[in-house]
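Enquirer: Chains U, B, W and L, in that order, give the protein sequences. Plus 21 on top of the position in the first sequence (first one is 1) and you've got the working numbering. Plus 21 on top of the position in the second sequence (first one is 1) and you've got the working numbering. Plus 3 on top of the position in the third sequence (first one is 1) and you've got the working numbering. Plus 3 on top of the position in the fourth sequence (first one is 1) and you've got the working numbering. Even for Gly, the Cβ is constructed at its ideal location relative to N, Cα and C. What follows is a structure written as structure tokens; I'll ask about it next.
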Amino acid sequence: MFNKVLIANRGEIAVRILRACRELGMETVAVYSEADRQALHVRLADEAYLLGPAPSRESYLRSDKIIEIAKKSGAGAIHPGYGFLGERADFAQAVLDEGLAFIGPKPSAIAAMGDKGVARATVAAAGVPVVPGTEGEGGLSNDELLKIAPEIGFPLLVKATAGGGGKGMREVHNLQEMPLLLQSARREAESAFGDGNVYLEKLVEGARHIEIQILADEHGNVIHLGERECSLQRRHQKLLEEAPSPFIGDDEELRQRIGQVAVRAAQSVSYVNAGTIEFLVDRDKNFFFLEMNTRLQVEHPITEAVTGVDIVKEQIRIARGRTLSITQEDVQMNGWAIECRVNAEDPYNNFMPSTGRITHLILPTGPGVRVDTGVFPGFEISPYYDSLISKLIVFGQTRAEAILRMRRALEEYKIVGVRTNIPFHQKLMDSHRFMAGQFDTQFVEKRFDMETSGQARKPIPEIAAIFATLVAHENTERSTHVIQRNERDTSNWKWLGRWERLHR
Amino acid sequence: MFNKVLIANRGEIAVRILRACRELGMETVAVYSEADRQALHVRLADEAYLLGPAPSRESYLRSDKIIEIAKKSGAGAIHPGYGFLGERADFAQAVLDEGLAFIGPKPSAIAAMGDKGVARATVAAAGVPVVPGTEGEGGLSNDELLKIAPEIGFPLLVKATAGGGGKGMREVHNLQEMPLLLQSARREAESAFGDGNVYLEKLVEGARHIEIQILADEHGNVIHLGERECSLQRRHQKLLEEAPSPFIGDDEELRQRIGQVAVRAAQSVSYVNAGTIEFLVDRDKNFFFLEMNTRLQVEHPITEAVTGVDIVKEQIRIARGRTLSITQEDVQMNGWAIECRVNAEDPYNNFMPSTGRITHLILPTGPGVRVDTGVFPGFEISPYYDSLISKLIVFGQTRAEAILRMRRALEEYKIVGVRTNIPFHQKLMDSHRFMAGQFDTQFVEKRFDMETSGQARKPIPEIAAIFATLVAHENTERSTHVIQRNERDTSNWKWLGRWERLHR
Amino acid sequence: MKYITTINEHEYLVDILDDHRVVVNGVCYVVDFESVSGQPVFSLLVDGKSYEAYVYESDSDLEVLVNGALYTAAVVDEREHRLRSAFGSGPVQSGEFYLKAPMPGLVIDIPVEDGQKIGEGDVLLILESMKMQNELKAPRAGVVSRVRVKVGENVERRQTLLSVI
Amino acid sequence: MKYITTINEHEYLVDILDDHRVVVNGVCYVVDFESVSGQPVFSLLVDGKSYEAYVYESDSDLEVLVNGALYTAAVVDEREHRLRSAFGSGPVQSGEFYLKAPMPGLVIDIPVEDGQKIGEGDVLLILESMKMQNELKAPRAGVVSRVRVKVGENVERRQTLLSVI
């Protein structure tokens, strides 16, 4: 039985997993790239080993090196987190081959669900409804896809077979634009997952993206922890999630029906450990299997908040061969949780990624607020990894309380050094449609705008004018100042040396 | 009905109250001293007004000015928080006289409970057992107290009549040392509360300090939210609290019995709003009324964590004349919560207060962790106010989980610029007696030691030697460096000016 | 000190009387203005109301992010404003558009080449950063000129990638 | 570079070979040492084990707070150590004890006066800071000399309050 866990990841999720290990009394081994020497996961782990240069391919994707470090350090298990090696069956197999535990599903389940085509065929065979698409068939050529596309009908989605997180995904509205979009999707998929294969899927319009969290142990127990509402997306990347879904609301019968279908989908591949079944739910509450994520999900904390189940600890227990600590009957959703993904990107400039050093940071705290993050003042947000810098999770007794709480938490959150999408989330919280729970997967892109949405706050241009003028004024004043300070330095450089030593 | 609240306080509790107001959609008015212009409560409030210079007497105790600001700003209510004006009946009366709401009990209840002598007499009359002492009699002279002392018997406590938070409190072991201790207790009480009156109380040895949280509305409903264990104290200042009490554990009958006595004590003074009844509980589970705190308590978050009730929001609802949102039957304690008070004091130097600017701050975050604080990087911890800089609260399904979580949270918590008592809490978490729940009010002072307690971690002097040597080595290296850097500056001061402008 | 401050294309006459009094379009405000922790985060009390803003400086403008909204500001002092009014509206728009990297990243594709005619909104270059591929588009029609980077090259923030004339 | 480092009264011979190798009492460790965010917080990897410490500098010592324990350290380089050994154990203990304020605060009481004989542990001065009254005690017996402050006076951190000879 293992007592030391290697975490094959970085950023907030590495920290999250470290915390669970520590709270279970497990020792932890971190791995890191040259860009992450000062990262929190390195600092918090019991042990830390360098993988290589910053690019993922030379560091966090080096499965050979990671397994070697696990063996050298005496770690008995590897947790892959999400992204990187999170859904790689070959990696999971290699870990098992070395006699180590893999904190995740069996390689066969990853493979079955990881190839989205196979996944769809498998669950369809188990009687689970799927979205129409090129199911069952992996690795089609562009020519083949172009031929099938009109049969499915437009609009449709090109999706990476090995994909996730919106990467390698493109919306296609007609045959004409399809070749170029296929090309860019493949390129992005290749770069993100090392696999350029794509498949097609019908784009269900006006649909909601709702997913079910699954837990399964090695003893045949499979339970679900209710749903998460993940419809708020941009470029197919989730931006905000909530649990429960306002669309399902108190339709407990629908919740249990989707939950049971999810359990059946997991059973169809003999699933073990934590996983998520994603569904599209149309306006008439019909639901279709979309894909299964065979790993810990970014948004798992909202389920933790409403069910009280620590999913990462449960993952570790399962990997140690224990039975689930809870049964389906124990699972109850109480209250309401919302997660905002805080990304280093500029909502006022087409959500362009923003890099730089975080020079100042004030986290929102207080009742009902949880922040999962891997950054701290002085940490450098590099262009090498994805732009998620923190997850802000709030919990309230009701959805209204959660929204009001999120609003105040967003207001408190200060990040200086990179631009973030916090203003986007603030606008979203002010939007009447969001408050009413009236949104689908296309809401953010089609019906939301940084300029016009969220008119709850009245504009204050005079105040902005005072800020701008005072800053400009002080800059002029300060220029004089800097010269004066400098004159003092030049006249007595010893003073500076002493001062620096004192204040170090 | 009020929609704007003035918060007559500073620090973490002002921020806590602000958050509750904001989450209820109320506008907020902050007041501040010259030392607090950049404080979080000023920055987060909708409005903020200067009270005066840093010393409390010239700022946060200026009740006249505070009421004037409330009226000028249109605030309909004042929340006093704890400390400062938190238990001043005259202030509460003045607020009411101006037609404003006071978010707290009626002045008569504050007066009755605020004079500890009267409080003891009142609850004794209501059939609640009290610790033997000079009850009923306020304002005794030193001569009178010296005469009564032997009747009560030593050891005994000198306590400030207007007191709280361990200020103006002294332990007396014999008649000889009593005059000097009386003098210093009166001096401290005078300085902290503007009232030098003291009374005597028997020191119950081997006792636990357990308190009950009360909520009462204007419609005659009085409920309790279970107990908090507050025995871990130093110089009569609480350092760590937990809910529930490991001493009461699952003795639900005892919990309800104490709870009912607490409710009766509150009813004896027609109490309205939130309050806390403190008890001493001896080894045989006999309990004695100690005092009632007629205000929000520092440690209220642990009760919030285990009951799910937002006490500050409930306070505001009560002050708006609403009935309690819950009944006694709704109250259930689930899981376990622990709070560590993080103070700016040096546990390796007799807990001396530490002041200075916080230059770096990493808060612990993640599942089950709540931090209530008013500080941020760049904030100056001044000598004017008390040394509490943050409350670290963790919640777990069990006491064991809470302890392990607190351990990892303390490890993550980095505060640079002042010394803190975090190492003390770490040692406490490692102590076998704490883990076993075997402690009383004298544990910290009599049976706990920074050098010898908490031997769970093995010493690592070689590692310390490497740290020290590398730091000393780098200092030497850097001295050379500074000179070099300075030479560049002196040769081209314009460069520095431009650089500063760019990096501003 | 008097300034003419333009916020989202509206002009405000701002007169800084002293440390605590500012007149905006003739209305006098009592202000208390501080930089927080030496950061470009500012706390401003205006007649008791508490505001907090990030103020970002770019080439010639300031961006003020306050109360969940972004305002673009240009501040010129009175004398400079008079000069500009006398001599026309500042520097003439240059004919050449320089495409600069908005962030450090890897050049994934350059679907245009030197001398190629392009329309507004055409993709000029694909830059990968933070695992996302970002399409940099032409702000106006023109002809591509001086492509200065190659596919596979790592570029710095603000590095000029190519021009459109 | 060789140093003699004393931790809680035990001596360690520490030889810094290069940026990544340190020999302690003859055992070679592979280290990776960094200051975090330019703060006196340091991250150290020793043969893969990750440690983090606050290192405080006081007059002549360093204090290392690591893994929940505080270590007092004195570091001298080899040459200096040889010199000290040759000429006896450093500076002679001064006869006078200077009571310095451990924090800024207000002098509440000075229960002793110039020339008064006092014993170890006697209270010399009461200083109020952060609403607590802190009793500053005599570390040894002696005679009070040169009381430099008055009751009601505000004092700075490290200010000398009085002496004991």
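Taking the alpha helix (DSSP H) that U/F112 falls in, what are its first and last residues?
Expert: 110-118
Enquirer: Can you find a CB in chain W that lies within less than 8 Å of the CB of U/H494?
Expert: yes
Enquirer: Can you find the residues in the same chain that come closer than 6 Å, C-beta to C-beta, to U/G438, ignoring five residues on each side of it along the sequence?
Expert: G377, R378, I379, T380
Enquirer: Terminal residues of the continuous beta strand (DSSP E) containing W/N137?
Expert: 135-140
Enquirer: For U/T490, does the three-state DSSP call read helix, strand or coil?
Expert: helix
Enquirer: Is the beta carbon of B/R478 less than 8 Å from the beta carbon of U/R429?
Expert: Result no, Cβ atoms of B/R478 and U/R429 do not sit closer than 8 Å.
Enquirer: Please return the same chain residues whose Cβ sits closer than 7 Å to the Cβ of W/P94, not counting the five positions on each side in sequence.
Expert: In this prediction, W/P94 has a pLDDT of 47, which is less than 50 and means its spatial position is unreliable; what the coordinates show is noted afterwards. Excluding positions up to five away in sequence, the list is empty.
Enquirer: With 8 Å as the threshold, decide whether the Cβ of L/L73 is near any Cβ in chain B.
Expert: yes
Enquirer: Judging by CA-CA distance, which residue of L/I129, L/Y101, L/E123 is the nearest neighbour of L/D112?
Expert: Residue L/I129 is the option with its Cα nearest to L/D112.
Enquirer: According to DSSP, is W/P94 part of a helix, a strand, or is it coil?
Expert: Confidence at W/P94 is low in this model, with a pLDDT of 47, below 50, so the placement of that residue is unreliable and no value is reported for it.
Enquirer: Taking Cβ-Cβ distances shorter than 8 Å, what residues in chain B pair up with U/G46?
Expert: Per Cβ cutoff of 8 Å: L425.
Enquirer: Per the contact definition of three or more C-beta pairs closer than 8 Å, is the region 67-76 of chain U in contact with the region 413-420 of chain B?
Expert: no
Enquirer: Would DSSP call B/P374 helix, strand or coil?
Expert: strand
Enquirer: Can you tell me the Cα-Cα spacing of W/L68 and W/V44, whole angstroms?
Expert: 10 Å
Enquirer: Counting only Cβ-Cβ distances shorter than 9 Å, please list the residues of the region 66-83 of chain B near chain W, keeping chain order.
Expert: A66, D67, E68, A69, Y70, L71
Enquirer: Check whether chain L comes within 8 Å of B/Q197, counting only Cβ atoms and requiring the distance to be less than that.
Expert: no
Enquirer: Per the DSSP calculation, W/S46 is bridged to which residue(s)?
Expert: W/E37, W/E55
Enquirer: Using beta-carbon positions only, say whether U/I279 and U/F300 come within less than 8 Å of one another.
Expert: A distance below 8 Å separates the beta carbons of U/I279 and U/F300.
Enquirer: Which term fits B/M22, buried or exposed, when burial requires 16 or more other beta carbons within 10 angstroms of its beta carbon?
Expert: Flag for B/M22 reads exposed.
Enquirer: Quick check on the DSSP output: what are the complete beta strand (DSSP E) runs of length 3 or more inside the region 435-487 of chain U, in order along the chain?
Expert: Counting whole runs of 3 or more residues, the region 435-487 of chain U contains the beta strand (DSSP E) stretches 435-437.
Enquirer: Under 8 Å between C-beta atoms, does B/K259 make it to chain L?
Expert: no
Enquirer: Within this structure, are the beta carbons of B/L221 and B/I173 separated by less than 8 Å?
Expert: yes
Enquirer: Put L/V115 into one of helix, strand or coil per three-state DSSP.
Expert: coil
Enquirer: Quick one: grab the DSSP three-state call for B/E192.
Expert: strand
Enquirer: Let me check understanding here. Comparing Cα to Cα, which of U/K25, U/N242, U/R255 lies closest to U/E192?
Expert: When each option's Cα is compared against that of U/E192, the closest is U/R255.
Enquirer: Round the Cβ separation of U/I235 and U/A287 to the nearest angstrom and send it over; I've been treating them as touching at under 8 Å.
Expert: 5 Å
Enquirer: Tell me, please, whether the CB atom of U/H194 is closer than 8 Å to any CB atom in chain A?
Expert: In the structure shown, chain A cannot be found, because the protein chains are U, B, W and L.
Enquirer: Listing by chain order, which chain B residues have their CB less than 8 Å from the CB of U/T394?
Expert: T386
Enquirer: When the Cα atoms are used, what is the spatial distance from L/T9 to B/P388?
Expert: Between L/T9 and B/P388, the alpha-carbon positions lie close to 41 Å from each other.
Enquirer: Looking only at C-alpha atoms, which of L/L48, L/E159, L/N137, L/Y57 sits nearest to B/M373?
Expert: L/N137
Enquirer: Which of helix, strand or coil does DSSP assign to L/G108?
Expert: strand
Enquirer: Going along the chain, which residues of the region 41-58 of chain L sit with their C-beta nearer than 8 Å to a C-beta in chain U?
Expert: G41, Q42, P43, S46, L48, G51, K52, S53, E55
Enquirer: Use the C-beta contact count for W/A72: other C-beta atoms within 10 angstroms, 16 or more gives buried, fewer gives exposed.
Expert: By the 10 Å Cβ count, W/A72 comes out buried.
Enquirer: 8 Å is my cut-off, CB to CB: does W/V25 come that close to chain B?
Expert: no
Enquirer: Between the region 478-488 of chain U and the region 53-65 of chain W, do at least 3 Cβ pairs fall closer than 8 Å?
Expert: yes
Enquirer: Return the residue from the list B/G32, B/S77, B/K93, B/P76 that minimises the CA-CA distance to B/K25.
Expert: B/K93
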